[in-house]
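Student: Before I ask anything, let me first share the structure, which is written out below as structure tokens.
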Amino acid sequence: MDKALVLEFVQQTQPDAWAKLEAHYSASAEDTFFTQLAKALKDRGLLDVLRQGIKIVPGIQFALYYFQPASSLEPKRVAEYEANILSVMKEVAYSCREGKGHDNRIDIVLFVNGLPVATLEAKNLLTGTTFKHAEKQYREDRSPAGEPLLTFKRGALVHFAFDEDNCSMTTRLANGKTHFLPFNRGRDGGAGNPDIDGEFRVAYLYRSGTDAGVGGKAVFSREVLLDVIGRFMLLEASGKQETLIFPRFQQLDAVRKLSAHAQAFGPGHNYLIQHSAGSGKSNTIGWLAHHAINLHNADDEPVFNTVVIVTDRVILDRQLQDTVAQFEQTQGVVKKIDGTSRQLKEAIAKGARIIITTIQKFSTDHLKALSGQGGRTFAVIVDEAHSSQSGKSAQAMTDALTREAGSSDEIEDLIAAYQKSRGPQPNISFFAFTATPRNVTLERFGTQGEDGLPHPFHLYSMRQAIEEGFILDVLQHYSTYSAYYQLEKAIEDDPRLSSRKGQQRVARYANLHETAISQKAEIIVEHFRRHVQPMLNGQAKAMIVTSSREHALRYYFGIRDYLKQQGYSDLKALVAFSGELTHNGETFTEAALNGFSETELRGRFDGFKKDGTPYPETYQLLIVAEKYQTGFDQPKLCAMYVDRKLAGLQAVQTLSRLNRTYSATVGPGKDATDILDFRNTIEEIQDAFRPYYEVTALEANSDPNLVYDLEGRLFKFGYLDRAEIERFAQTFYQGKLGVTDRARLEGLVRAAVQRFEADDDEGRQEEFRQLLKSYMRFYSFIAQVMALEDTGLEKLYSYGAWLVRLLPNREVPPDIEITDDMLKLQAFKTEKQEEGSASLGVGETAALYAITEFGAKPYTEDEQKELSEIVRAFNDRHGTDFSEEDMLRFERVNRDLLSDDMTAMLRNNPPDVVYGAFAQAFFQGAIQMFQKDNEMRNIVMTDPDAREKATRHFFNRALREVHEGAAS
């Protein structure tokens, strides 16, 4: 340390404390101070000493660093902050050990109040040395043993290696095991740094200006460096392992740029942060939340009264909760809402500073009663914006944060206010995080550029994350296979097989055939044993992605049988699917096949319990249909075997399960992945990745006038009556609805249903259904983006929400079942087609398409079974005695539940997690449906077994409908 500067800071800023120290210790005061300071540094670490200071008997408190105050309302705090002394020293001798010669000097050391916070080793490209040589020097010549400056926690907080073009950093020197992270700005969507006029590319470290630094400020500037020490750096503990977190450049840049913009322009703005997987999103969100809540404008007023962090996970992301809470410097600032919606309402009403909650909690009756928030300001941080901000829960959140007590009794005024609440709100700023923004996400949250199109406010691209080594390029090793099969009819021509549906069933029959599965199982197992199993010291895992639950089950049997035939006792497979499946007359569940409950699967597949102890059995292969294709983070996944069609965002999210890096405790870590694909071509997969590889762009803005096109097309069918919609609105918007009101509304809507049912043209009926759903989705989206100022559109939307629920289901024919009696698989052959790299190159991107038109198909065949088959199968399996009429009413309950919010919950959460929420909603819906049917209501309320069977049946149907809809 620089003792002279330490003394200067302490004596000038805390003269009374120093006088007390001298009075108590007289001539030994200085020695006592430095002795206690050295002890505190050794015991607690530099970061804690800077933030908390030290105490010396008799109760003398010394501060070693002053935080930047949130406002200038307290001049004393401002003066203290300005008294911090920043200094720099070149060629710092850090060791007196003999024999080290010149090697005991660090090129540059940065000090705060005389305490060393950063060391820098600089290299010169002209002499043939680079930042990699500086890294090597730290590893080989900068041993931390016995060196206070280099010792983890006790010494400098961070160590930088840089040359004129690139920079890296580490917070822990560990000789040859020292791990450096890139600390670069990014160049043209990839790694590296951009050119800076008249300066080196690393000038952002030391030069402030519009084209350099963090939001125009140099990283080592007074403002940024003190901010990093005070509000960014974090000591993270996991068991006995401690990690000192220093923000990566894109994290620091994003938080400071977002904060600066919000501080300058106030609330009421949207920000899209496109940060790739591997960007450290949880930390970025935590830092942003704490910065946002401390922002003050030029008048020293808070910019935001409350920060709300929302996710669509039913069980809050524990890492996100813990990360945000770790930055809490004042007890009680962070409120984690992991209880009921009543808890959320109380937190908002009482003005909690930072709230972490799920999006679904906003759509409850408790939040509907909340008002008086329109005068307060909110920063809403959205985790995974492409899924969290669709549907009624998102609208309910906006309502809760803007609602005021009504001031008008005019229905038109109320409707206009309700419509306005859908759009941008002057008291709410949205900070939306996603790695893969959809077209609607860009339009909803993007920042308009000079080209008039929306763009991300901040970018850390997939390409940059790959090039910097934070995630792996999953397309680097990609092989495709094609299947060829020859079928022979075992019966005379069946006209049912000539349709498109029949052709699909024939293909499905071939793909599910035991011969096809066994051939692919052999390819998968032998590839895994030869190329994957040796990785990660034998801990490597693989995922087999199938096209359906039945496909997954067949694969499980195929893999199991092949392993048994070959005597491969060192490989075991698990299977994941929801509900029950029947195969060869026998019923199977995931838990029964695996030998443990669904909730244990993640840990069992990983091989280790939460306390770090290993399970007795290890599993290498996980066979999935829809479960675990998204939201499943297993860094030991090294290979994927794909036997289903993938496209667009689903392809990116599924294959990205492989991109996590992993450092093995013994031997080399995970540095590559392997994909074998039986159903897609390399070109198709590349097309799916292109929009998200660098910055995601939009080809054009959606045309808001399409909402009038949809409105006009809906009225042309003759089912809708404007007078009925008007009368519906007069009742619907008057306030809280009673039983009589609901009956009146349903009567008005049923008039349209009757006209719909009187039409014998099933094609027109199906076209109307699809157009009505398109209107509901597009209006909900476009009303969020801009002010429409047309209450007629809002009335049609509210009316349509009821009409969608009351329209009868399509009458569909039964499935075409292909059996061995109808077809024989004469021959089946799988051949490798393509092998090599599918990686994208620089600039290989594609823009997303805007919403430009709405297609509506006439009546076509569907995958669902006829109602009579459902009833018969349910009663036969469960021993119940439900009628078709009962099942129809249950179907309506299920249909009513599948709003955008419930659909998002089912799609984004494991079934075992979301089942409880579904079951509760299904029970409430059933009670409401059967309120006039005492017998049926009694069965629902008093027979838990029958209720559980019905709930589980319709839960599984809902899961299939949601996931099949996502894949289409």
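So that you can map any letter, position 688 of the sequence shown is 727 in the working numbering, and since no number is skipped, the others follow by simple counting.
Every residue gets a Cβ at the ideal spot worked out from N, C-alpha and C, and that includes glycine.
If you're wondering where the values come from, they're calculated on a predicted model, not measured in any experiment.
Closest by CA to residue 637, which one among 626, 615, 652 and 620?
Tutor: As a working mapping, residue 637 is identified with position 598 in the sequence shown. Comparing Cα-Cα distances from residue 637 to each of 626, 615, 652 and 620, the minimum goes to 615.
Student: What number of angstroms, rounded off, separates the C-alpha of residue 876 from the C-alpha of residue 601?
Tutor: Counted from its first residue, the sequence shown places residue 876 at position 837. Counted from its first residue, the sequence shown places residue 601 at position 562. Rounded to the nearest angstrom, the two C-alpha atoms are 29 Å apart.
Student: For residue 998, tell me which candidate among 708, 618 and 516 has the shortest Cα-Cα distance.
Tutor: One-based indexing of the sequence shown puts residue 998 at position 959. When each option's Cα is compared against that of residue 998, the closest is 618.
Student: Check whether the Cβ atoms of residue 127 and residue 268 lie closer than 8 Å to each other.
Tutor: By one-based count along the sequence shown, residue 127 stands at place 88. By one-based count along the sequence shown, residue 268 stands at place 229. Their beta carbons are not under 8 Å apart, which means residue 127 does not touch residue 268 by this criterion.
Student: For the beta strand (DSSP E) holding residue 280, just list the boundary residues, first then last.
Tutor: Here the question's residue 280 lines up with position 241 in the sequence shown. It spans 280–284 - the beta strand (DSSP E) in which residue 280 sits, taken as one unbroken run.
Student: Do residue 470 and residue 235 have their C-beta atoms closer together than 8 Å?
Tutor: Translated into positions along the sequence shown, residue 470 becomes position 431. Translated into positions along the sequence shown, residue 235 becomes position 196. Not in contact: residue 470 and residue 235 (Cβ atoms no closer than 8 Å).
Student: Spell out a yes or no on whether the segment 146–163 and the segment 89–109 are touching, meaning 3 or more CB-CB pairs, one atom from each, closer than 8 Å.
Tutor: Yes: the two stretches touch, three or more of their Cβ pairs being nearer than 8 Å.
Student: Drop a sphere of 10 angstroms on the beta-carbon of residue 81, count the other beta-carbons inside from all chains shown, and report buried for 16 or more, exposed for fewer.
Tutor: Position 42 of the sequence shown, counted from the first residue, corresponds to residue 81. Classification for residue 81: exposed.
Student: Around the Cβ of residue 888, are there at least 16 other Cβ atoms within 10 angstroms (buried) or fewer (exposed)?
Tutor: Walking along the sequence shown from the start, residue 888 turns up at place 849. With fewer than 16 Cβ atoms within 10 Å of its Cβ, residue 888 is classed as exposed.
Student: Using the Cβ count rule (16 or more neighbours within 10 Å means buried), how would you classify residue 775?
Tutor: Locating residue 775 in the sequence shown gives position 736, counting from the first residue. Flag for residue 775 reads exposed.
Student: On the DSSP letters alone, give me the boundaries of the beta strand (DSSP E) that residue 150 sits inside.
Tutor: The residue given as residue 150 occupies position 111 in the sequence shown. Here the beta strand (DSSP E) through residue 150 covers 144–151.
Student: Closer than 8 Å is the cut-off here; do at least three beta carbon pairs connect the segment 592–612 with the segment 711–721?
Tutor: The segment 592–612 vs the segment 711–721: no contact.
Student: Can you tell which of 736, 959 and 517 has its C-alpha closest to the C-alpha of residue 492?
Tutor: Residue 492 sits at position 453 when you count from the first residue of the sequence shown. Checking every option, the nearest Cα to that of residue 492 belongs to 736.
Student: Indicate the three-state DSSP secondary structure (helix, strand or coil) for residue 218 in the structure shown.
Tutor: Position 179 of the sequence shown, counted from the first residue, corresponds to residue 218. Of the three classes helix, strand and coil, the one that applies to residue 218 here is coil, per DSSP.
Student: Here's the rule: buried if 16 or more other CB atoms are within 10 angstroms of the residue's CB, otherwise exposed. What is residue 1009?
Tutor: No statement about residue 1009 is possible, as the shown extent of the chain runs from 40 to 1007 and does not include it.
Student: Determine the extent of the beta strand (DSSP E) in which residue 309 is found, giving its start and end residues.
Tutor: The count along the sequence shown starts at 1 and reaches residue 309 at position 270. Where residue 309 is concerned, the enclosing beta strand (DSSP E) stretches over 309–314.
Student: Can you tell me the Cβ-Cβ gap for residue 663 and residue 582, rounded? I've got them flagged as a contact below 8 Å.
Tutor: Taking the first residue of the sequence shown as 1, we reach residue 663 at position 624. Taking the first residue of the sequence shown as 1, we reach residue 582 at position 543. Residue 663 to residue 582, Cβ: 6 Å. Contact.
Student: Check for me: the beta strand (DSSP E) holding residue 335 runs from which residue to which?
Tutor: In the sequence shown, residue 335 corresponds to position 296, counting from 1. Note, residue 335: premise wrong, no beta strand (DSSP E); not H, not E.
Student: Span of the beta strand (DSSP E) holding residue 124?
Tutor: Working through the sequence shown from its first residue, we reach residue 124 at position 85. First-last for residue 124: undefined, no H or E at that position.
Student: Please return the same chain residues whose Cβ sits closer than 6 Å to the Cβ of residue 702, not counting the five positions on each side in sequence.
Tutor: Locating residue 702 in the sequence shown gives position 663, where the first residue counts as 1. Contacts found: 708.
Student: Between which two residues does the beta strand (DSSP E) containing residue 166 stretch?
Tutor: Locating residue 166 in the sequence shown gives position 127, where the first residue counts as 1. Element bounds for residue 166: n/a, residue is neither H nor E.
Student: Among 157, 303 and 473, whose alpha-carbon lies nearest the alpha-carbon of residue 320?
Tutor: In the sequence shown, counting from the first residue as 1, residue 320 sits at position 281. Minimum Cα distance to residue 320 is reached at 473.
Student: For residue 699, which residues does DSSP report across the bridge?
Tutor: Numbered from its first residue, the sequence shown carries residue 699 at position 660. Its beta-bridge partners are 510.
Student: For the pair the segment 221–233 and the segment 115–130, tell me if three or more CB-CB distances fall below 8 Å.
Tutor: These segments do not touch.
Student: For the alpha helix (DSSP H) that contains residue 82, what are its first and last residues?
Tutor: On the sequence shown, residue 82 is found 43 positions in, with the first residue counted as 1. Here the alpha helix (DSSP H) through residue 82 covers 68–83.
Student: With residue 695 and residue 771 assumed to form a contact (beta carbons below 8 Å), what rounded beta-carbon distance in angstroms separates them?
Tutor: Position 656 of the sequence shown holds residue 695. Position 732 of the sequence shown holds residue 771. With a Cβ gap of about 43 Å, residue 695 and residue 771 do not count as contacting.
Student: Closest by CA to residue 477, which one among 687, 840 and 778?
Tutor: Your numbering for residue 477 matches position 438 in the sequence shown. Minimum Cα distance to residue 477 is reached at 687.
Student: Between the segment 831–848 and the segment 480–489, can you find at least three pairs of beta-carbon atoms closer than 8 Å?
Tutor: At 8 Å Cβ cutoff, the stretches do not touch.
Student: Indicate whether the contact test is met: 3 or more Cβ pairs, each with one atom in the segment 181–196 and one in the segment 235–244, closer than 8 Å.
Tutor: Result no; under three Cβ-Cβ pairs closer than 8 Å.
Student: Determine the DSSP secondary structure at residue 1010, reduced to helix, strand or coil.
Tutor: In the structure as shown, the chain starts at 40 and stops at 1007, and residue 1010 therefore has no counterpart that could be examined.
Student: Note the first and the last residue of the continuous alpha helix (DSSP H) segment covering residue 556.
Tutor: To locate residue 556, count along the sequence shown from 1; it is residue 517. Looking at the DSSP string, the run of the alpha helix (DSSP H) that includes residue 556 is 553–566.
Student: Please return the same chain residues whose Cβ sits closer than 8 Å to the Cβ of residue 568, not counting the five positions on each side in sequence.
Tutor: Looking up residue 568 in the sequence shown gives position 529. Correct list, in chain order: 607 and 610.
Student: Expressed to the nearest angstrom, what Euclidean distance is found between the alpha-carbon atoms of residue 111 and residue 339?
Tutor: To locate residue 111, count along the sequence shown from 1; it is residue 72. To locate residue 339, count along the sequence shown from 1; it is residue 300. When rounded, the distance between both Cα atoms is 7 Å.
Student: Taking only three categories from DSSP, how would you classify residue 626?
Tutor: As a working note, residue 626 is residue 587 in the sequence shown. Looking at residue 626 - three-state DSSP - the assignment turns out to be strand.
Student: Mind the definition here: the segment 259–276 touches the segment 181–188 only if three or more C-beta pairs lie below 8 Å; say whether that holds.
Tutor: Touching, no, given that fewer than three Cβ pairs across the two stretches are closer than 8 Å.
Student: Tell me whether residue 988 sits in a helix, a strand or coil according to DSSP, three-state version.
Tutor: Position 949 of the sequence shown, counted from the start, is the residue given in the question as residue 988. DSSP places residue 988 in helix when its eight states are reduced to three.
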